[in-house]
Amino acid sequence: MTIHIPTPLRAYTEGNESVSIIAGTVKDALASLVEAYPGLRGNLFGTDGKLRSFVNVYLNEEDIRYLNLKEDSPVSPSDELTIIPSIAGGCLSADRKLDLSSQLSAKSFIAKRRQLA
Amino acid sequence: MLRIQFRDYEALRAHGEETYPHECCGVLLGRASDGTNAVHQIVRAGNTRTDSAHNRYQISPVELIRIQRQARTASLDIVGFYHSHPDHPAQWSSTDIAEAHWLGCSYIITRIAGRPEGQGKADVTNSFLLLGTSEEDKHFAGEALEILIDEPSAPLPTEVL
Ligand SMILES: [Zn+2]
Chain A
1 MTIHIPTPLR AYTEGNESVS IIAGTVKDAL ASLVEAYPGL RGNLFGTDGK LRSFVNVYLN
61 EEDIRYLNLK EDSPVSPSDE LTIIPSIAGG CLSADRKLDL SSQLSAKSFI AKRRQLA
Chain B
1001 MLRIQFRDYE ALRAHGEETY PHECCGVLLG RASDGTNAVH QIVRAGNTRT DSAHNRYQIS
1061 PVELIRIQRQ ARTASLDIVG FYHSHPDHPA QWSSTDIAEA HWLGCSYIIT RIAGRPEGQG
1121 KADVTNSFLL LGTSEEDKHF AGEALEILID EPSAPLPTEV L
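Written out as structure tokens, the structure is:
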């Protein structure tokens, strides 16, 4: 099967945009991929061995998280697996207190907190 | 450094004005070489964060896969992304860095300033390169924008941040 590699991870696949793997399931395919290109492991999997939360893996047009068998879903040679890290963000700061660009000054933030309390 | 055609630069700024007071987002297709991300095409994307579109953005993975396929067909790569900050500075936020995962890609941010009549006007545009080798050491660095007007052979003087 073919596995498509996103731009930032091609540094670990010798620049290849796609990699051909022989595998029976999604899990096998990902295991073979990191075996062939060990540098990918830390970028795809956390220390618990699970896929990192921001790494989306699609089997053809389906998110593997929503497949009945998830990573145990069978794959055929004509299938395509796409690894695609998420794209998100925004001007809302995760922690307003530390964000100097926030429109609320620290003082008004504290005042607002007091009102809410 | 990020190199972009003036018409693409204007188009991504106009996108932010259109979606104001919500954030806009899109993808930069092009080629990366010698530390320069050269944009050949920009692709508008929908913001899936309809619950909080004034201060958050997200591109659906399905749309991203479609855009990546489009890039492949044109022999281009995804070299970056753009989004707008309605009434917030053109600087990355803590949310932006926490949710940035495309190492080596450029993240363009445009401040859209609200007008009394309610429309938004594109203000400052900055580009930030996501550097590092992993989630643990990733960081943004301001990068120069080289804007090309019509002829690729006649670049404007590079504006260094
Ligand atoms: Zn942002």
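Heads up: the sequence lines are chains A and B, in that order.
Numbering-wise (this note's numbering), the first sequence opens with residue 1 and increments by one.
Numbering-wise (this note's numbering), the second sequence opens with residue 1001 and increments by one.
Every residue, glycine too, gets a C-beta built ideally from N, C-alpha and C.
- For residue 70(A), no beta strand (DSSP E) run applies, since DSSP gives it neither H nor E.
- Counting other Cβ atoms within 10 Å of its Cβ, residue 89(A) reaches 16 or more and is therefore classed as buried.
- By the Cβ criterion, the stretch 1009–1023 of chain B is not in contact with the stretch 1092–1103 of chain B, since fewer than three pairs of Cβ atoms, one from each stretch, lie closer than 8 Å.
- Around the Cβ of residue 1118(B), a 10 Å sphere holds fewer than 16 other Cβ atoms; the residue is exposed.
- Close to chain A, meaning a Cβ-Cβ distance shorter than 7 Å, are the following residues of the stretch 1103–1135 of chain B: 1103, 1104, 1105, 1134.
- Using a CB distance cut-off of 8 Å, residue 76(A) does not count as an interface residue toward chain B.
- Judged by DSSP secondary structure, residue 1070(B) falls within the alpha helix (DSSP H) whose first and last residues are 1061–1073.
- By the neighbour-count definition (other C-beta atoms within 10 Å, threshold 16), residue 1139(B) is an exposed residue.
- Distances from the alpha-carbon of residue 29(A) to those of 68(A), 79(A), 53(A), 62(A) put 79(A) closest.
- For residue 1112(B), the CB stays at least 7 Å from every heavy atom of ligand 1.
- Across the stretch 78–90 of chain A, CB contacts with chain B closer than 8 Å involve 82, 84, 85, 86, 87, 88, 89, 90, in sequence order along the chain.
- For residue 1021(B), the closest Cβ of chain A is not nearer than 8 Å.
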